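Each protein sequence line maps, in turn, to chains F and C. Numbered per our numbering, the first sequence spans residues 1 to 235. Numbered per our numbering, the second sequence spans residues 1001 to 1235.
Protein chains: 2
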Amino acid sequence: MRYQLYYWPNIQGRGEYVRLALEDAGASYDDEARHGTGMSAMMRMMDEKRGTPPFAPPFLKAGKLVIGQTANILLYLGARHQLAPKTEAGRLWVHQLQLTVTDLVLEVHDSHHPLGPTLYYEDQRAPAKRRSEEFWKERVPKYLGYFERLVRANGGAYVTGRRISYVDLSLFQIVAGLRYAFPKRMQAFEPEIPRLVELHDRVAVRPNIKAYLASDRRIPFNEEGIFRRYKALDL
Amino acid sequence: MRYQLYYWPNIQGRGEYVRLALEDAGASYDDEARHGTGMSAMMRMMDEKRGTPPFAPPFLKAGKLVIGQTANILLYLGARHQLAPKTEAGRLWVHQLQLTVTDLVLEVHDSHHPLGPTLYYEDQRAPAKRRSEEFWKERVPKYLGYFERLVRANGGAYVTGRRISYVDLSLFQIVAGLRYAFPKRMQAFEPEIPRLVELHDRVAVRPNIKAYLASDRRIPFNEEGIFRRYKALDL
């Protein structure tokens, strides 16, 4: 099946977690909003009266299904593309971890948008600075320390052991994104999470991911996305 | 099967969405951290080296399974207690809606904690006021307008039509919580969402929910939870 992914065309954002899964799986898909009239089709689908209109991008069209919410899309794709365990217990565990990544992603976003997503960063510089401090003092160590412990406990290459799952692809993105947005803070922090850094490197050289990262399908990080490089928020 | 729910003992918080599902289903469960040594057991389970230690409460013990993340717990319970559709498409849809409720719940929390969860409200009063303004101006209309449209389009009693699902129980809690935390703002806003208000009332009189709400198993709203009544943030 060929999928249609609907997401904002100029950012990695939350769509990137879906792109990474589709790319690693070698699935065929169109990144709809990046060409032709895809963007207006995307807006139309959210306005639909009938059926299952998504609240926000990203969403994935898979045949007749329209699936929204990043972690929900990955739940669906994981089962079909060997990116999740086969047992119910395993699937729930990987999904639980992905939902924890989801929480972290929102906290990354809030580091530059503490007063909410509808105001500009320029209108919330001072609170953003305070929130970023708190984010690095309390939250990054808590979240990344948790995933680091899981990789260590499993003694494996990936967060659930020897086999990759979609949550590993997402953790790759977290490490890459934090390096982009907070280069100094992240450099200082990386010695605390050696196994996550190795996991990042291991994902980066997977053939499909490597090809994707080198292609123009990978949108560069920028200051419209989740991970934004604002000097004032770094060290 | 008898479940064990692990959640902070003094607040409704995120655990409440799980409690409402367990109660409506008439499932037997223990609210572990509310008695005996349950609280220290809960902390211990998050520190486990092996297995599937959850990142944060709530989590549910179901036999050998330990399931974390509110929406993930509901995904599991929904399938077992007729609180979700049987088809894969239906299950993904209800889960997608629950993840949208999850996003809203976090925005409710951030209305009084814009600088992050680790600082006190008293240390972020001014940004909380700004964020609450934005929350009611932009976000509440967007989220609740979305769910209102779904109920209207389905012409049904519940958000997916005639049959209840766990997301309806969560929407009940959203309406009840916003009424508690922002009584004036919510009163002014309710004419915009007549069907959600009806849905709230319909859930409130379901026999198991009615009995639960009247029992001491229902922890009262308070200023340690997600929905907090701070006069300065209301109108």
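Note that the Cβ used here is the ideal one computed from N, Cα and C, for glycine as well. The structure displayed is predicted, hence computed values, not measured ones.
- In angstroms with no decimal places, state the Cα-to-Cα distance between F:V236 and C:M1046. Here chain F covers residues 1 to 235 and nothing more, so residue 236 of chain F does not appear.
- Query: So what does C:K1061 bridge to, in DSSP terms?
  - Reply: Stepping through the second sequence from its first residue, residue 1061 of chain C is reached at position 61. Its beta-bridge partners are C:Q1004, C:V1066.
- Item | chain C within 7 Å of F:Y29, Cβ atoms only | Translated into positions along the first sequence, residue 29 of chain F becomes position 29. With 7 Å as the cut-off, F:Y29 does not count as an interface residue toward chain C.
- Just by C-beta distance, which residues in the region 1083-1101 of chain C are closer than 7 Å to chain F? A1089, L1092, W1093, H1095, Q1096, L1099, T1100
- Item | Chain-ordered residues of the region 1144-1169 of chain C with a beta carbon less than 7 Å from chain F | Y1146, A1153
- Answer with buried or exposed for F:D123, where buried requires no fewer than 16 other C-beta atoms within 10 angstroms of its C-beta. In the first sequence, the residue the question calls residue 123 of chain F occupies position 123. It is exposed - the Cβ of F:D123 has fewer than 16 other Cβ atoms within 10 Å.
- With F:L77 and F:Y166 assumed to form a contact (beta carbons below 8 Å), what rounded beta-carbon distance in angstroms separates them? Residue mapping note: residue 77 of chain F aligns to position 77 of the first sequence, counting from 1. Residue mapping note: residue 166 of chain F aligns to position 166 of the first sequence, counting from 1. That pair is a contact at about 7 Å.
- Query: Could you give the uninterrupted runs of the alpha helix (DSSP H) lying entirely in the region 1128-1173 of chain C, keeping only those of 4 residues or more?
  - Reply: 1140-1154
- Message: Would the region 1098-1108 of chain C count as touching the region 1062-1073 of chain C if we require 3 or more Cβ pairs under 8 Å?
- Response: yes
- Query: Which of helix, strand or coil does DSSP assign to F:Y230?
  - Reply: As a position in the first sequence, residue 230 of chain F is number 230, starting the count at 1. In this structure, F:Y230 counts as coil in the three-state DSSP scheme.
- Task: Under 7 Å between beta-carbons, which chain C residues line up against F:R130? List them in chain order, please.
- Result: Stepping through the first sequence from its first residue, residue 130 of chain F is reached at position 130. Those are L1115, listed as they occur along chain C.
- Please go through the same chain and pick out, in chain order, the residues whose beta-carbon is closer than 7 Å to the beta-carbon of C:M1186, but skip the five residues on each side of it. Against the second sequence, residue 1186 of chain C aligns to sequence position 186. These residues qualify, in order along the chain: L1178, R1179.
- What do you get for C:P1057, buried or exposed, if any count of 16 or more other CB atoms within 10 angstroms of its CB means buried? Position 57 of the second sequence, counted from the start, is the residue given in the question as residue 1057 of chain C. C:P1057 should be labelled buried.
- Query: CA-CA distance, C:K1129 and F:Y230?
  - Reply: Reading the second sequence from its first residue, position 129 is the one you call residue 1129 of chain C. Reading the first sequence from its first residue, position 230 is the one you call residue 230 of chain F. Near 25 Å, if we compare the C-alpha coordinates of F:Y230 and C:K1129.
- Message: According to DSSP, is F:D30 part of a helix, a strand, or is it coil?
- Response: Taking the first sequence and counting its residues from 1, one reaches residue 30 of chain F at position 30. Residue state, collapsed to three classes: strand.
- Should F:N72 be flagged as near chain C, meaning a C-beta pair shorter than 7 Å? For the purposes of this step, residue 72 of chain F is identified with residue 72 of the first sequence, where counting begins at 1. Answer yes: the Cβ-Cβ gap between F:N72 and chain C drops below 7 Å somewhere.
- Query: Along chain F, which residues have their Cβ under 7 Å away from the Cβ of C:R1080?
  - Reply: Indexing the second sequence from 1 puts residue 1080 of chain C at position 80. Here the premise fails: no neighbours, minimum Cβ distance about 11 Å.
- Item | Range of the contiguous alpha helix (DSSP H) that encloses C:L1235 | Position 235 of the second sequence, counted from the start, is the residue given in the question as residue 1235 of chain C. Per DSSP, C:L1235 belongs to no alpha helix (DSSP H) and is neither H nor E.
- chain F contacts made by the region 1198-1225 of chain C, where a contact means CB separation under 8 Å: none
- Measuring CA to CA, which of F:N10, F:D234, F:L99 is closest to F:S132? To locate residue 132 of chain F, count along the first sequence from 1; it is residue 132. Selected option, being the one with the closest Cα: F:D234.
- Query: Which two residues bound the contiguous alpha helix (DSSP H) that contains C:S1215?
  - Reply: For this step, residue 1215 of chain C is matched to residue 215 along the second sequence. From DSSP, C:S1215 is part of no alpha helix (DSSP H); its letter is neither H nor E.
- Message: Judging by CA-CA distance, which residue of C:R1014, C:F1055, C:A1027 is the nearest neighbour of C:Q1082?
- Response: Residue 1082 of chain C sits at position 82 when you count from the first residue of the second sequence. The residue with the shortest Cα to Cα distance from C:Q1082 is C:A1027.
- Per-residue contacts from C:T1052 into chain F (C-beta, under 7 Å): Translated into the one-based positions of the second sequence, residue 1052 of chain C becomes position 52. Here the neighbours are W93.
- For chain F, find out if any of its Cβ atoms is closer than 7 Å to the Cβ of C:I1011; answer yes or no. Against the second sequence, residue 1011 of chain C aligns to sequence position 11. No - not a single Cβ of chain F is within 7 Å of the one on C:I1011.
- Run through DSSP, which three-state label would F:G90 get? On the first sequence, residue 90 of chain F is found 90 positions in, with the first residue counted as 1. DSSP places F:G90 in helix when its eight states are reduced to three.
- Identify the contact partners of F:K49 in chain C, using a Cβ-Cβ distance below 8 Å as the criterion. Sequence index remark: in the first sequence, residue 49 of chain F carries index 49 (1-based). Within chain C, the residues near F:K49 are R1149, A1153.
- Query: Out of F:G51, F:Q96, F:G15, F:L20, which has the shortest C-alpha to C-alpha gap to C:F1055?
  - Reply: By one-based count along the second sequence, residue 1055 of chain C stands at place 55. Measuring from the Cα of C:F1055, the nearest candidate turns out to be F:Q96.
- Can you tell me the Cα-Cα spacing of C:N1222 and C:H1112, whole angstroms? Position 222 of the second sequence holds residue 1222 of chain C. Position 112 of the second sequence holds residue 1112 of chain C. Approximately 13 Å, taken between the alpha carbons.
- Message: Cutting at 7 Å between CB atoms, please list the residues of its own chain near C:H1109, excluding the five before and the five after it.
- Response: Translated into positions along the second sequence, residue 1109 of chain C becomes position 109. I1226, listed in sequence order.
- Message: According to DSSP, simplified to helix, strand and coil, what is F:G15?
- Response: Here residue 15 of chain F refers to the residue found at position 15 of the first sequence. If DSSP states are grouped into helix, strand and coil, F:G15 belongs with the helices.
- Exposed or buried, what is C:R1228 when buried is set at 16 or more other beta-carbons lying within 10 Å of its beta-carbon? For this step, residue 1228 of chain C is matched to residue 228 along the second sequence. Buried, since its Cβ has 16 or more Cβ neighbours within 10 Å.
- Item | Cβ of C:P1191 within 7 Å of any chain F Cβ | Mapped onto the second sequence, residue 1191 of chain C falls at position 191. Answer no: the Cβ-Cβ gap between C:P1191 and chain F never drops below 7 Å.
- Message: Could you compute how far the alpha carbon of F:A188 sits from the alpha carbon of F:S215?
- Response: Working through the first sequence from its first residue, we reach residue 188 of chain F at position 188. Working through the first sequence from its first residue, we reach residue 215 of chain F at position 215. So the two alpha carbons sit approximately 30 Å from each other.
- Query: Going by Cα to Cα distance, which pick from F:K86, F:M43, F:D30, F:S40 is closest to F:G63?
  - Reply: Taking the first residue of the first sequence as position 1, residue 63 of chain F is located at position 63. The candidate whose alpha carbon is nearest that of F:G63 is F:D30.
- Item | Top-ranked residue by Cα proximity to C:L1169, from C:D1201, C:A1153, C:E1138, C:P1183 | Against the second sequence, residue 1169 of chain C aligns to sequence position 169. Checked all of C:D1201, C:A1153, C:E1138, C:P1183; the closest Cα to C:L1169 is C:D1201.
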